[in-house]
Ligand code: MIG
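Residue numbers (my numbering): 142 to 817.
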């Protein structure tokens, strides 16, 4: 059951798709239904504060793209879409704002705070037994979801926010990316590096380097003289290009998107009505007002020029929106430096730190207060709706695709997001680092993302910042082969991390081939999760709520109907401890073709897992179909599966399939029955 409580006059965010009348706040504890006042103390007089006492056994899940564990208890998190490339443990805001929490333990319920500005979840940080949610303004909708168990609550919540995005089949193939592929030759070299070595690959994602001076929807013709020809050439090899699009539109006379935007008042304005200027990759830019539906319509149609050159997928970046500097901020920084100039010859430390800090002017709250949106005809200051910008950029693109190529699904993923965006595209989790701890963070984040509707998601495999190592990349790929978005991406200046750059290529080949062997099953589980509003990745706590050990396991995940994952995420190990809440089949892939299957009883185990191996567990009564290995989704063979699982039990699996493009999986999908 879902109850909605309206406080003040909220801005419509389009996060939810169900129109639920607001429940009265004055009635306490009506019949058997829990009302919000029976669970929480609320103060909505001026600011908004919701407080819940937690029992020792209570866990709090959710928050989607957030730092730390699956159980969020013991820290604080602030929903504020933030371009911060250094996800160390103390950080409270990443790129997404996913205000859903699930309370599990002495009571079970979900809470969704539909509020588009900063909102803080203090989950036993200030006081260990207290959950406090605070927002500056008491203008929001709070949804209370009660149900039988965690799955039931998630299911209802997902119905409330609408069906998750389903990308085309090829988007489940392996994607290679790097910031710094600077011309056609670089792209051909990457393609050849994979194809010549027999390592599977479906796509290459193109970073900002392909654009003419970082202008959206343009191509640098010196470096990419004929994108149509190149994309056709790649398509022949079963490869797709996925160009990046940034939020800011370069200020440059003669540039279409800029001229159009200025003429039609499509850009965010300052209080005085002038177009706000933000410094980003292209230099000075304007931000299209993505919250205005006319602007969205215009921006979405801009993707056509690239689609006309054979492009079928995009990633939207810098859409928090990230601001390196504003004109105002830059002027203030220079002023500060003038003031400090007198210390030039002999700065004391205070003066020196002040100089260093003077240009610390990126992504400032002050700048987010300098510009305005047009929301349903009303002028709204950006900081009040900050978390909706990336959502609406991606929505603009998706709605554009619906017009430009209504017949097929396109690939689309975004950096910034808010709940609601999951209907339009996926997300990648931004600028992680080549750290073992970030492999673990990737593992822990997947179920939380799923709870909030983001099924098509994944991290930069191998790590974005810092130099990766061969063993980290192998272990990360061995987990990444299970994530819907499987992309290896790295930052400019870091060690090259395409699989063929390392010794012992066969190890990479085997792991990626296994992805393709698993792919029909993973795709089927994905589409089922999307169509049925369920989780692809679930914490063990949801599946085994009565099992006190399982409830605390955060480095193993349930995957779909039949699998449990236990990835290796520590360096210099040849295996790991695993907890089995029930008997399962342990499958260890030595290569993509060779594996051993060992029945294991419930309990604690140490499993071996060499650097080039992939472990997984099949649950009792379930089977895992493996397709023949291949090098890209275009070669997938659905006619001869090798089926793993218990022998002689007459087990079967209903596998979803379609043509990989249809807009109507619920209508056009077919189900193959696979038996063992
Ligand atoms: O300021 O386009 O998260 O994936 O490679 C950095 C360059 C801008 C941030 C993205 C990252 C991308 C990078 N971008």
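Even glycine gets a Cβ: it sits at the ideal position worked out from N, Cα and C.
{"Check": "Proximity test, residue 348 beta-carbon vs the ligand MIG heavy atom, cut-off 7 angstroms", "Outcome": "yes"}
{"Check": "Residue(s) in a DSSP beta bridge with residue 629", "Outcome": "317 and 602"}
{"Check": "Top-ranked residue by Cα proximity to residue 295, from 264, 245, 338 and 321", "Outcome": "245"}
{"Check": "Spatially closest choice to residue 214 from 220, 228 and 199, by CA coordinates", "Outcome": "199"}
{"Check": "Neighbourhood of residue 224 by C-beta, 6 angstroms cutoff - its chain only, sequence neighbours within 5 removed", "Outcome": "461, 463 and 504"}
{"Check": "Whole-number beta carbon distance between residue 534 and residue 555, since they are thought to touch under 8 angstroms", "Outcome": "7 angstroms"}
{"Check": "Top-ranked residue by Cα proximity to residue 151, from 243, 444, 187 and 282", "Outcome": "282"}
{"Check": "Among 353, 164, 356 and 313, nearest to residue 345 - alpha-carbon criterion", "Outcome": "313"}
{"Check": "Beta-carbon spacing of residue 575, residue 603 below 8 angstroms", "Outcome": "yes"}
{"Check": "C-alpha distance - residue 270 paired with residue 605, whole-angstrom precision", "Outcome": "37 angstroms"}
{"Check": "Beta strand (DSSP E) runs wholly inside the stretch 252-299, at least 3 long, in chain order", "Outcome": "260-264, 271-276 and 281-287"}
{"Check": "Closer than 7 angstroms: residue 459 CB and nearest the ligand MIG heavy atom", "Outcome": "yes"}
{"Check": "Beta-bridge partners of residue 554, as assigned by DSSP", "Outcome": "456 and 567"}
{"Check": "Limits of the unbroken alpha helix (DSSP H) element including residue 535", "Outcome": "530-545"}
{"Check": "heavy atom of the ligand MIG below 7 angstroms from residue 556 C-beta", "Outcome": "yes"}
{"Check": "Residue burial classification, residue 239 (beta-carbon count within 10 angstroms, cutoff 16)", "Outcome": "buried"}
{"Check": "Contact under 8 angstroms by Cβ, residue 250 with residue 287", "Outcome": "yes"}
{"Check": "Which listed residue (275, 304 and 266) has its alpha carbon closest to that of residue 159", "Outcome": "304"}
{"Check": "Cut-off 6 angstroms between Cβ atoms - residues of its own chain near residue 720, not counting five sequence neighbours on either side", "Outcome": "690, 694 and 745"}
{"Check": "Beta strand (DSSP E) runs contained entirely in the stretch 363-429, provided each spans 3 or more residues", "Outcome": "381-387, 419-421 and 424-427"}
{"Check": "8 angstroms contact criterion, which residue 615 and residue 753 should meet: CB distance rounded", "Outcome": "6 angstroms"}
{"Check": "As assigned by DSSP and simplified to three states, the class of residue 763", "Outcome": "coil"}
{"Check": "One or two residues paired with residue 730 in a DSSP bridge", "Outcome": "736 and 755"}
{"Check": "Cβ separation of residue 262 and residue 253, assumed to be a contact under 8 angstroms, to the nearest whole Å", "Outcome": "Contact flag wrong, Cβ pair sits at about 12 angstroms."}
{"Check": "Check whether residue 355 and residue 327 have beta carbons under 8 angstroms apart", "Outcome": "no"}
{"Check": "Status (buried if at least 16 other CB within 10 Å, exposed otherwise) for residue 404", "Outcome": "exposed"}
{"Check": "Alpha carbon of residue 728 to alpha carbon of residue 757, nearest angstrom", "Outcome": "5 angstroms"}
{"Check": "Selection from 793, 800, 785 and 792 that minimises the alpha carbon distance to residue 776", "Outcome": "800"}
{"Check": "Given residue 812 as reference, the closest of 759, 681 and 669 once Cα atoms are compared", "Outcome": "669"}
{"Check": "heavy atom of the ligand MIG below 7 angstroms from residue 630 C-beta", "Outcome": "yes"}
{"Check": "Short Cβ contact (8 angstroms threshold) for residue 319 with residue 348", "Outcome": "yes"}
{"Check": "Boundaries of the alpha helix (DSSP H) in which residue 589 is found, first to last residue", "Outcome": "577-592"}
{"Check": "Strand pairing of residue 680, partner residues [DSSP]", "Outcome": "698"}
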